[in-house]
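To start, the structure under review is shown below, and the notes come after it.
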Amino acid sequence: MTVDDAVLNISDLRIGLRADAEVELLHGVSMTLARGERVGLVGESGSGKSLLSLSVMGLQPPAIDVRSGSIRVNGSEVVGARDSRLDELRGRSMAMIYQDPMSSLNPVRSVGAQIVEAIRAHATVSRAAARRTAIDLLGSVGVRDPHRTVDNYPHEFSGGMRQRVMIAMAISCEPDLLLADEPTTALDVTTQAKIMELLDDLVEQRGMSVIFVTHDIALASSFCSRIDVMRRGEVVETGPTAEVMRNPQHPYTSALLASICTFETDPTRPLLSGVAAADALTGGASR
Amino acid sequence: MTTTTAIATAEAARRRSSLRVLLADPSVVVAMLTILLVVAFSVLAPVLFPDANAIDSPNRLLAPSPSHWFGTDELGRDLLARMAHAGQLTLLIALGAMALSIVLGVVWGMLAASFGGWIDEVLMRTADAILAVPMILFALVFVAALGSSPEVLIVILGIVKAPLAARVTRSSTMVELTSDYVRGLTVIGLSKRRILFTEILPNVFPVIAAVATLNIASAIMIEASLSFIGLGVQPPLASLGTLLKIGYGYLPDGWWYALFPAAAITVVIAAFNAVGKRIERYLDRRAV
Amino acid sequence: MTEPLIEVDGLVKDFGSVRAVDGATFSIMPGETFGLVGESGSGKSTIAAMLLCLERPTAGEIRFRGTRIDNLAPRKLLPIRRDMQLVMQDPVSSLNRRKTVRQIIGLPLSLHEGLSGAAREARIVELLDLVGLPASFVERYPHELSGGQCQRVSIARSLAISPEFLVLDESVSAVDVLMQAQILNLLNALQKELGLTYLFVSHDLAVVRYMCTRIAVMQGGKILEVSDREQIFSDQAHPYTRALIAASPASLAARAAAEATPHLSPTGGTDAS
């Protein structure tokens with residue numbers, strides 16, 4: 001696999017605060033994603049994982065600057081690209097789903113109208129054809145009675161349904177890369193499982209590559225073939241899921257794995273036992 | 001904003017204290033210096049101009065000159081000196097009114113927010129009623145009934161401006177009452193009264209500071225307007241508005257007599273407004 | 001036979017026409033960690049609120065050491081508050097951002113024990129030490145602390161006047177994973193040291209299994225079952241319980257790891273592990 005075959009190629013990306021040259025948020029991150037590959041970007045708050053995925057879309061906040069490095073999506077450079085170029089890439093080549101669907105869905109327009117708008121931004125099709133596609137999409141993401149609900153407003157759907165609508169909108173233009181930023185964190189456990197199953201089917205069917213951003217390494221391991229662990233703006237470990245979960249190389253990853261509760265965890269023993277310098281890793285007890 | 005961005009921006013912001021953010025805006029710096037100057041001038045009026053009221057009839061209505069920077073009035077008194085004393089009275093009335101409006105308004109708003117129900121309705125509809133009447137008209141009616149000594153003016157202006165403080169306090173308090181920390185304090189066993197005044201009030205304070213500053217500007221304006229139509233501060237006492245009224249009468253003979261008080265009133269109101277608005281904008285940004 | 005510390009009997013709570021809690025009955029024994037599990041809308045947080053006398057039940061009784069507490073006048077609540085405390089989910093918003101750690105932890109000390117000055121300061125430092133924070137933190141404000149540190153301050157404050165019973169309402173849900181593990185360890189250590197009883201409210205079944213010896217599972221305002229740990233995580237559990245377990249990330253991960261070919265590898269072939 002050459003660099004050009006990659007759906008996504010991030011090379012030595014450095015990002016920092018525009019107003020303060022001393023503050024660097026991503027310290028030279030590099031990453032490659034092949035077609036059909038799913039990588040779990042796992043980290044705690046402040047690790048920079050969300051910032052990284054936003055930067056791929058060119059959606060980093062105005063206060064943030066990309067200082068150096070490159071992000072290539074399907075070979076096209078995102079860093080420093082013109083807005084018109086980014087508009088072309090977003091939707092066709094890459095799309096993003098978020099933790100809070102209400103923040104990505106316009107509350108005053110029907111979901112159908114929004115999906116149609118997304119479709120027609122990237123392809124010349126009639127409104128009627130786009131509407132048919134929208135109804136099909138809603139059906140394929142599991143929204144009940146799509147012929148009727150296509151004209152509903154976002155607030156008329158439940159949390160899990162809204163998430164499905166957001167997914168429908170994201171995949172409407174058949175992107176090659178899907179960025180999922182904690183898409184299930186705000187959902188109940190049973191709803192989360194259903195959405196994960198939906199994503200699994202959709203991604204499989206359409207051959208999409210996925211960056212799955214999450215703080216939950218167990219969830220990432222259930223969905224992704226590769227795991228990249230981020231900490232304080234750096235990728236500290238990367239590898240196939242099974243390897244990382246069973247045989248972590250970096251002490252931070254070991255600590256993460258030793259912290260989580262599974263249904264096999266021994267209730268009589270403290271967590272994180274056997275992990276040296278856990279305090280230093282969290283900046284906890286002694287600081 | 002991602003967590004990373006939020007953490008970084010917060011750290012960077014901590015390195016710039018609130019005061020410096022405020023001072024970063026040059027117009028605010030000018031405004032604050034102006035206020036400082038005016039306040040200093042007024043406070044020191046008795047010291048700087050001890051004989052402001054010395055009548056010097058031969059020198060009546062002299063145009064501005066090196067010996068009388070702002071000219072003289074119809075009794076030969078130095079206008080600058082008179083303005084310094086008048087400024088003191090204007091500021092005293094405005095600050096008194098502001099203080100009263102804040103004390104009244106904060107208690108008003110907090111009671112409304114914490115009791116809710118019909119008490120809230122009664123309190124807030126009263127506030128609405130007062131706000132519905134144009135401030136000058138409202139003040140006029142009370143002056144006609146109660147006279148216009150500075151003390152009365154302070155009370156009237158304080159009452160006129162209290163409903164705004166009440167509204168702002170009420171909405172801010174209502175937001176705070178639903179927060180987690182209030183819940184936690186209730187479980188700790190703190191009484192509602194103590195929660196309101198020792199825990200919530202410090203959080204509401206910044207919003208009140210904005211209202212207070214704007215209230216000063218507003219009070220100056222109403223008082224000047226009242227004095228201008230002869231219903232505010234009466235001679236022999238003089239506020240800037242009174243001076244303006246008298247000066248207006250001498251307009252054909254002495255342009256300085258009207259101009260300088262008018263300019264002073266305008267500048268002072270503008271300065272307090274600028275600072276108040278800046279505080280408001282700063283708070284809006286922080287809330288986002 | 002030991003008397004229960006908390007008894008909940010036929011508890012009902014209506015908010016207008018919505019029945020948030022529909023007849024809850026259970027007891028909590030002294031020294032145990034009792035788990036209350038459910039998804040959003042299950043009513044678990046409402047039960048916690050009623051136990052802490054933040055909400056009045058529409059029907060039913062709550063007894064603390066045999067005495068009814070659900071119908072007490074506000075004035076009579078103060079002594080109860082000494083015995084029952086709360087640690088909430090959001091570490092930062094659960095503390096007053098305008099108060100220092102000293103003021104936050106010192107408040108219950110001055111309020112309930114009338115401590116002031118050096119005695120109060122000493123106790124504050126003692127409490128900080130108990131939760132693993134340095135004495136220098138007394139000067140800090142909540143926004144100067146990390147989420148995990150704020151949560152520790154909350155715990156320190158809740159323990160200030162030596163309560164018997166602590167409600168942990170999703171107390172580790174909003175904290176990073178590493179910090180979560182440390183706080184769970186801390187809570188267990190404190191329980192042994194101070195003889196505390198916990199009500200552990202959470203949606204995370206794996207964590208509940210780790211922390212709790214007896215667990216109540218709720219759905220739609222009703223308690224579906226109350227059992228001990230072994231029972232809840234066995235095949236004899238209620239179908240809803242088993243569905244919750246199956247849907248949890250820990251189970252999803254275990255299943256994916258067990259499958260021979262979970263997903264496509266980069267080369268398009270199958271993962272041979």
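Residue numbers (our numbering), protein chains in the order written: chain P, 1 to 287; chain C, 1 to 288; chain A, 1 to 273.
Idealized CB from N, CA, C, for every residue including glycine.
Self-check item: residue 265 (chain C) CB to nearest heavy atom of the ligand GTP below 7 Å
Solution: Of the ligands one can find in the structure shown there are none, so the ligand GTP has no counterpart to examine.
Practice problem: Under 7 Å between beta-carbons, which chain P residues line up against residue 248 (chain A)? List them in chain order, please. | Solution: Under the 7 Å cutoff, chain P gives 189.
Quiz prompt | Contacts that residue 101 (chain P) makes with chain C (C-beta to C-beta distance below 9 Å) | solution = Within chain C, no residue comes near residue 101 (chain P); the closest Cβ sits about 17 Å away, beyond 9 Å.
Quiz item: Span of the beta strand (DSSP E) holding residue 218 (chain A)?
Solution: 214 to 219
Quiz item: Apart from the five residues just before and just after residue 183 (chain P), which ones in its own chain have a Cβ nearer than 6 Å to its Cβ?
Solution: 97
Quiz item: From residue 221 (chain C) to residue 161 (chain C), what distance separates their C-alpha atoms?
Solution: Distance between the alpha carbons of residue 221 (chain C) and residue 161 (chain C) is about 12 Å.
Quiz item: How do the region 129 to 136 of chain C and the region 63 to 74 of chain C stand: do at least 3 beta-carbon pairs fall below 8 Å, yes or no?
Solution: With the cut-off at 8 Å, the region 129 to 136 of chain C and the region 63 to 74 of chain C do not touch.
Self-check item: Interface residues of chain C facing residue 85 (chain A) [CB-CB closer than 8 Å]
Solution: Neighbours of residue 85 (chain A) on chain C, chain order: 187, 188.
Quiz item: So residue 235 (chain P) packs on residue 252 (chain P), CB below 8 Å; how close in whole Å?
Solution: Not quite, the Cβ-Cβ distance comes to about 11 Å (not below 8 Å), so this is no contact.
Self-check item: Alpha carbon of residue 82 (chain C) to alpha carbon of residue 4 (chain C), nearest angstrom
Solution: 59 Å
Quiz item: Is the Cβ of residue 96 (chain A) closer than 8 Å to any Cβ of chain C?
Solution: yes
Quiz item: Cβ of residue 40 (chain A) less than 8 Å from any chain P Cβ?
Solution: Yes, its Cβ sits closer than 8 Å to a Cβ of chain P.
Quiz item: Just reading off the beta strand (DSSP E) that residue 9 (chain P) is part of, what are its end residues?
Solution: 8 to 17
Practice problem: Could you check which residue in C:209, C:148, C:179, C:133 has the C-alpha nearest to that of residue 165 (chain C)? | Solution: C:209
Quiz item: Terminal residues of the continuous beta strand (DSSP E) containing residue 59 (chain A)?
Solution: Going by DSSP, residue 59 (chain A) is part of the beta strand (DSSP E) stretching over 59 to 64.
Quiz prompt | Three-state class that DSSP yields for residue 147 (chain P) in the structure shown | solution = helix
Quiz item: If you count every other CB in all the chains shown that lies within 10 Å of the CB of residue 169 (chain A), and 16 or more means buried, which is it?
Solution: That one is buried.
Quiz item: Quick one, which residues of the region 208 to 230 of chain A are near chain P if we go by CB-CB under 9 Å, in chain order?
Solution: Listed in sequence order: 208, 209, 210, 211, 212, 213, 229.
Exercise. Go ahead and label residue 43 (chain A) buried or exposed: buried means 16 or more other beta carbons lie within 10 angstroms of its beta carbon, across all protein chains shown.
Key: buried
Quiz item: With a CB to CB cut of under 7 Å and the five nearest residues on each side skipped, what residues in its chain are close to residue 16 (chain P)?
Solution: 23, 24, 25, 65, 67
Self-check item: Min CB distance residue 172 (chain C) to chain A below 8 Å
Solution: no
Self-check item: Cutoff 8 Å: residue 192 (chain P) Cβ touching any chain A Cβ
Solution: Taking Cβ atoms only, chain A reaches closer than 8 Å to residue 192 (chain P), which makes this a yes.
Self-check item: Alpha carbon of residue 185 (chain A) to alpha carbon of residue 206 (chain C), nearest angstrom
Solution: 40 Å
Practice problem: Look up residue 51 (chain A) in the DSSP assignment and say whether it is helix, strand or coil. | Solution: helix
Quiz item: Out of C:227, C:214, C:197, C:108, which has the shortest C-alpha to C-alpha gap to residue 122 (chain C)?
Solution: Distance check between residue 122 (chain C) and each of C:227, C:214, C:197, C:108 places C:108 closest, using alpha-carbon atoms only.
Quiz item: Can you find a C-beta in chain C that's less than 8 Å from the C-beta of residue 57 (chain A)?
Solution: no
Quiz item: Skipping 5 residues on each side, what residues in its chain have a beta carbon closer than 6 Å to that of residue 266 (chain A)?
Solution: Its pLDDT being 45, under 50, residue 266 (chain A) is placed unreliably by the model, and nothing is read from it.
Quiz item: With respect to the beta strand (DSSP E) encompassing residue 85 (chain A), which residues constitute its N-terminal and C-terminal limits?
Solution: 84 to 87
Practice problem: Flag residue 7 (chain P) as yes if its beta-carbon sits less than 8 Å from any beta-carbon of chain C, otherwise no. | Solution: Closer than 8 Å to the CB of residue 7 (chain P) there is not a single CB belonging to chain C.
Exercise. Identify the contact partners of residue 8 (chain C) in chain P, using a Cβ-Cβ distance below 7 Å as the criterion.
Key: 17, 23, 25
Quiz item: Distance, Cα to Cα, residue 282 (chain C) vs residue 106 (chain C)?
Solution: Residue 282 (chain C) and residue 106 (chain C): Cα-Cα distance of roughly 21 Å.
Quiz item: residue 28 (chain P) lies in the beta strand (DSSP E); which residues open and close that run?
Solution: 24 to 33
Quiz item: Any beta-carbon of chain P closer than 8 Å to the one on residue 169 (chain A)?
Solution: no
Quiz item: residue 13 (chain A) by DSSP, collapsed to three states: which one?
Solution: strand
Quiz item: Is the number of C-beta pairs between the region 39 to 47 of chain P and the region 207 to 226 of chain P that are closer than 8 Å three or more?
Solution: yes
Quiz item: Name the residues in the region 30 to 60 of chain P whose C-beta lies less than 7 Å from a C-beta of chain A; which are they?
Solution: 34, 36, 37, 38, 44, 45
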